[in-house]
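Heads up: take any position in the sequence shown, counting from 1, add 21, and you land on this note's numbering. Note that CB positions come from ideal geometry on N, CA and C, so glycine has one too. Below: one structure, written as structure tokens.
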Amino acid sequence: IAGMFAEPVMGAGGVIVPPDGYFRMIQPVLQRYGIPLVADEVICGFGRTGHLWGAQAVGLRPDIIVASKSMS
């Protein structure tokens, strides 16, 4: 597995927040197998959740952050 891409807050499905503890449960599994976690911050990055990154709002510690269009 090359990596897991996750949106801290899913925008395409109607602003869906993952259940409490979801990322706390999945992240140790990814770390155990050396799978990088990529946070897609296009929708919720740059303060849109009250934190600089949406990952901070849900307790996520990504290896890579994708900000893309929200930077322009």
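Give the range of the beta strand (DSSP E) segment to which residue 31 is assigned.
It is not in any beta strand (DSSP E) - residue 31 carries neither H nor E in the DSSP assignment.
List the DSSP bridge partners of residue 87.
Answer is 61, bridged to residue 87.
Return yes when the Cβ of residue 63 is within less than 7 Å of the Cβ of residue 85, no when it is not.
Going by C-beta atoms, residue 85 is not nearer than 7 Å to residue 63.
Which whole-angstrom value is the C-beta distance of residue 44 and residue 81, which I expect to be below 8 Å?
4 Å
Considering Cα atoms alone, identify which of 56, 69 and 49 is closest to residue 23.
56
Using three-state DSSP, classify residue 27 as helix, strand or coil.
strand
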